[in-house]
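Here is the structure we will look at, set down as structure tokens.
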Amino acid sequence: GQSGPSSCYSQWSHIFMAPRLSTRNSSWEMKFYFSVARSRGRYYEGELQRCRPEAAPVEFGDYHPLKPIMVTDTKTRRGTRKGSTSSSSSSSSSVPPDPLSSMLDGTDPLSMFAAASASETPVMSHSDLGRKRKEKEEEVVGPDFEPWSAKRGEILARFTTTEKLSIVTNSPVFSVGKAPSPGSSAVSEKVRTRLEELDDLEEGSQRELLNLSQQDYANRIEELNQSLKEAWASDQKVKALKIVIQCSKLLSDTSVIQFYPSKFVLITDILDTFGRLVYDRIWTMCLDPRPLPDSFTAEDVNDTAKETCLNWFFKIASIRELLPRLYVEAAILKCNRFLNRSGIQETLPRLTAMIRGIGDPLVAAYARAYLCRPLLTEMMERCKKLGNNALLLNSVMRAFRPEFVAARATDFIGMIKDCDEAGFPKHLLFGSLGRSLACADPPEIERLTILNEAWKVITKVRSPQDYINCAEIWVEFTCRHFTKREINTVLADIIKHMTPDRAFEDAYPQLQSVIRKILTYVHDFSVLFSMERFLPFLDMFQKDSVRVEVCRSIMEVFIKHQVELTKDPVILNAMLHICKTMHDSVNALTLEDEKRSLSLLIIGFIRMVSFGRDFEQQLSFCVEARATFCNLEPVLVQLIHACAAYSYITIPSLSSIFTRLSLYLLSGQVALANQCLSQADAFLKAAVSILPEVPRSISVEGKLRSSESFLLDFINNFLATLLVVPDHPEHGVLYLVRGLLNMVQDYTWEDNSDAKVRVYVSALPLLAAMSQETYIYSISKVDSNETLYGGDPKFLSELNRLCETLIGQILDHLKTLGGDEHSTRRQGTLAFSLFGVLLAHGDLRNNKLSQLAVNLWNLSHKHGYCDTRVSVRTLEYIKHQAQQPDMTHLSDTAQRLALQSRT
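In full-length UniProt numbering, the protein residues as written are 1 to 903.
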């Protein structure tokens, strides 16, 4: 039915062209001037409309509920944070850090992460800090582990500040290359050099740089990094160590707390550089007599390298302050591999215990984070050996990248099975493992084993809440890698655990999450609804609002992913049940937006149902849907569309021509009443196109009768419908009216028949009604020509020309009549009919039009065949109308109308 209008128009264009009605000049003695512009204005309900009160706008001032509220935040200054050490930096700005205000400064965390990932370089650019390390220096954790460089850029982009920063460090670090001050001209160069050497040995000699911006601070740290490399290259190992020590001390300052993560990244880059230089120096000392293998042990290291390595650890152990001693030793922690077979396993507990001596919890947390970076492989080994350390194992699975965990899923399952249930429940460990496996894929050959091992533990969880919390996580892993058989098994297990004691009532969020995850991966609804446990799973949603929300989510996925039309009974039955659930939730309190949203979802389903050429099944479905969705008007409109398409296809198969005409017109009226304009056009044009097929006689109750009266009744009904049918923007003005009149002219009427002229007379009231500002009747939510054209002069001119053509045809026909008594009677009847049209719709204040009306009256009464009673009542009506204030001109017309007797 959708393609009907365009296809019909291409087939029937010859019918709907400009009118071919003859406009021959008539020699009829009565001149007529019937103009639409002079037709009497028919305002119908205009007076009632003007009596209604006008809508007055309500002034609300500047208030609007959606207008954003502007809040001005005034910050106060405060003193320096207590507890900062003398060797640490301090902030020159005293604005207290507010974590809420810092998060609401116009950007959100997701936007900042997106901005950080989109930028190829961090905010603070450094020439050497981002240099790629050599492969031999990387920890053996596998390519699936997220490198530190990826986190580094993200942290630098996120944690920034506009406050002023300061650096406190030993003087020699920054006195290198500094120009002498004006007051030092009296001091000789030799004495100044000696003093600098003394400062280099004095621990208490410090220098503070104040009022540094974030970029200046980063540049200073970069200078320290370059100084470290230069000192190392010039064999000044002690100076390099002092630079590292002083940089480590800066990490004790937390006064500018929002910048601390970036400060940590910058300074640990220097520590990593130092650790790499020390490791390389010892490695190069092991090249004699032959290079060390990648998997070397302490027995492969020569004594010189071991002595040098021990010397570095002894130097670091002599550092008096805790924080720099901890950081520097952690920086060269890998060097323990040169000394003993156990590597860092003996050193790790001691360093971990040292962190407990740091008073500031923020500084201690970041110290632990730095200590963990070189310990990834060792941490895995520690988890395996400490079988009861479930908390550590859970932290590893939550902190490591999903790819890292997924690649070792079997190992993690083995460690989880060895954990003690009392310390940390195993279902929580499997929950952490499931989160990682939902984001990354384990090896394919291990997937089924992983699911079986995990579900053995999950299904034994007694608490329904603990069970569903863990099962909901593993549903996604099941849907990602397995078929409907495994998914159905999981759903059955969930139903088994959540049905007793109606435990599902406390787990609606988790059950909704299960549905969402299934819909994310299963888009074939024939597969989805063929699962035995899917619909019983939906039955657990007993709360009305939750059940409707679940049905909405299913419908949204169906509309998005169902591409092909379907007639699968499994899908249809299930979707009808789901749509009925949504429909039945509508009540008197339901908002219009909610109704519209539900209607669109149900309409989307109806549009995807097609039974092909099986029209009976299609109609049966529409009937069932009509009974099911009776409370949603947009759905009923869509069903009208579907039924219109069915009717358009079915009507041509009927044998009775008048039955087809009636059904076409009726279907067009129904489609028009439901705002189905294209379908209405298709039906009406189809009706016009088959009018030439109407035979001149038809069988009625076994007798042949003329079809003329039936055809005239149909055309009059059709003309009444055309008043509210809007013109098609591509088919021209009044294209349906023109098509009908062209057909009437071409139709082979009976001999001595006035039927064609009667149609012309019936069309004049239609054209006059179309010229009114407000039509006598209209259809709700359908804009007729009164709205489309709005009294446009071109439209009125077109109506005028068409009226003149029709009246000319009528007068030409009247001229041919009058030869005998029968023709004279026909002439009088037609003349009186045209007089009635002029009286009802013409503006008789125009003298020429009034004269034409008088001439038609006289013609109809010339031979006395007119019904005297009708004539008398007509004159009484005219005189009554002349008493109206705006109809006084009819009194003159009435005086000119005389009753004539038959001669």
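Where a beta carbon is used, it is the ideal one built from N, C-alpha and C, also for glycine.
Every value quoted in this text rests on a predicted model; they were computed, and no experiment measured them.
Burial state of residue i (16 or more Cβ within 10 Å)
{"i": "Tyr-877", "result": "exposed"}
{"i": "Ser-597", "result": "exposed"}
{"i": "Ser-86", "result": "The predicted model places Ser-86 with a pLDDT of 35, which falls under 50 and marks its position as unreliable, so this point remains unresolved."}
{"i": "Gly-359", "result": "exposed"}
{"i": "Leu-839", "result": "buried"}
{"i": "Met-103", "result": "Here the model assigns Met-103 a pLDDT of 40, short of 50, so the residue's position is not dependable, and the following value carries that caveat. By the 10 Å Cβ count, Met-103 comes out exposed."}
{"i": "Met-17", "result": "In this predicted model, Met-17 has a pLDDT of only 43, less than 50, meaning its place in the structure is not dependable; the value taken from the coordinates is given anyway. So Met-17 ends up on the exposed side."}
{"i": "Asn-389", "result": "buried"}
{"i": "Leu-890", "result": "buried"}
{"i": "Asp-269", "result": "buried"}
{"i": "His-64", "result": "Bear in mind that the predicted position of His-64 carries a pLDDT of just 44, short of 50, making it too unreliable to give a figure here."}
{"i": "Ser-248", "result": "buried"}
{"i": "Ala-831", "result": "buried"}
{"i": "Arg-447", "result": "buried"}
{"i": "Lys-178", "result": "For Lys-178, the predicted model reports a pLDDT of 37, less than 50, meaning its position is unreliable; a value from the coordinates is still stated below. It counts as exposed."}
{"i": "Glu-532", "result": "exposed"}
{"i": "Glu-329", "result": "buried"}
{"i": "Lys-334", "result": "buried"}
{"i": "Phe-400", "result": "buried"}
{"i": "Gln-214", "result": "buried"}
{"i": "Gln-246", "result": "buried"}
{"i": "Tyr-777", "result": "exposed"}
{"i": "Glu-135", "result": "Because the pLDDT of Glu-135 is 45, which lies under 50, any placement of that residue in the model is unreliable, and the number read from its coordinates should be weighed accordingly. Its Cβ having fewer than 16 others within 10 Å, Glu-135 is exposed."}
{"i": "Leu-323", "result": "buried"}
{"i": "Arg-290", "result": "exposed"}
{"i": "Gln-884", "result": "exposed"}
{"i": "Ile-458", "result": "buried"}
{"i": "Pro-569", "result": "exposed"}
Presumed contact (8 Å Cβ cut-off) between residue i and residue j, rounded CB distance
{"i": "Ile-515", "j": "Ser-553", "result": "6 Å"}
{"i": "Leu-292", "j": "Asp-300", "result": "6 Å"}
{"i": "Phe-615", "j": "Ile-649", "result": "6 Å"}
{"i": "Leu-429", "j": "Cys-419", "result": "7 Å"}
{"i": "Leu-565", "j": "Met-608", "result": "6 Å"}
{"i": "Leu-251", "j": "Tyr-327", "result": "7 Å"}
{"i": "Ser-707", "j": "Ile-698", "result": "5 Å"}
Reference residue i; option with closest CA among the options
{"i": "Asn-631", "options": "Ala-588, Gln-617, Ile-606 and Leu-666", "result": "Ala-588"}
{"i": "Asp-235", "options": "Ser-248, Arg-626, Cys-622 and Leu-277", "result": "Leu-277"}
{"i": "Ala-769", "options": "Asp-411, Leu-723 and Thr-829", "result": "Leu-723"}
{"i": "Ala-353", "options": "Ala-367, Leu-764, Ser-342 and Gly-739", "result": "Ala-367"}
{"i": "Trp-283", "options": "Ile-267, Pro-261, Glu-307 and Ala-671", "result": "Glu-307"}
{"i": "Leu-572", "options": "Val-550, Ile-606 and Leu-323", "result": "Ile-606"}
{"i": "Ala-218", "options": "Lys-229, Ile-344, Tyr-260 and Lys-242", "result": "Tyr-260"}
{"i": "Ser-463", "options": "Gly-434, Ser-871, Thr-478 and Ile-494", "result": "Ile-494"}
{"i": "Ser-599", "options": "Thr-581, Cys-439, Ile-690 and Gln-246", "result": "Thr-581"}
{"i": "Leu-806", "options": "Tyr-760, His-497 and Tyr-777", "result": "Tyr-760"}
{"i": "Gln-510", "options": "Thr-590, Thr-273, Asp-539 and Asp-466", "result": "Asp-466"}
{"i": "Ala-686", "options": "Leu-704, Gln-617, Leu-811 and Arg-660", "result": "Arg-660"}
{"i": "Trp-749", "options": "Val-694, Glu-786 and Cys-372", "result": "Val-694"}
{"i": "Lys-756", "options": "Met-743, Pro-361, Pro-765 and Cys-803", "result": "Met-743"}
{"i": "His-497", "options": "Lys-242, Ile-468, Glu-505 and Phe-525", "result": "Ile-468"}
{"i": "Ile-341", "options": "Phe-159, Phe-313 and Ser-295", "result": "Going by the sequence as given, residue 341 is Arg instead of Ile. Nearest C-alpha to Arg-341: Ser-295."}
Limits of the unbroken beta strand (DSSP E) element including residue i
{"i": "Val-700", "result": "697-700"}
{"i": "Lys-703", "result": "703-706"}
Start and end residues, alpha helix (DSSP H) containing residue i
{"i": "Ala-680", "result": "677-689"}
{"i": "Ser-530", "result": "525-530"}
{"i": "Gln-258", "result": "Per DSSP, Gln-258 belongs to no alpha helix (DSSP H) and is neither H nor E."}
{"i": "Trp-232", "result": "214-233"}
{"i": "Lys-334", "result": "Unbroken run through Lys-334: none, as it is neither H nor E."}
{"i": "Tyr-370", "result": "361-372"}
{"i": "Gln-895", "result": "890-896"}
{"i": "Ser-778", "result": "Counting along the chain, Ser-778 falls outside any alpha helix (DSSP H), and DSSP gives it neither H nor E."}
{"i": "Pro-793", "result": "793-816"}
Ordered list of alpha helix (DSSP H) runs contained in the segment 420-486, each at least 4 residues: List check, alpha helix (DSSP H) in window: 426-439, 447-458 and 464-481.
Those runs of the alpha helix (DSSP H) which lie wholly inside the segment 538-625 and span at least 4 residues: For the segment 538-625, whole alpha helix (DSSP H) runs of length 4 or above, ordered along the chain, are 544-561, 569-584 and 592-607.
Segments assigned alpha helix (DSSP H), at least 4 residues, entirely inside the segment 844-885: Note on the segment 844-885: whole alpha helix (DSSP H) runs with a minimum of 4 residues are 847-861 and 868-882, in chain order.
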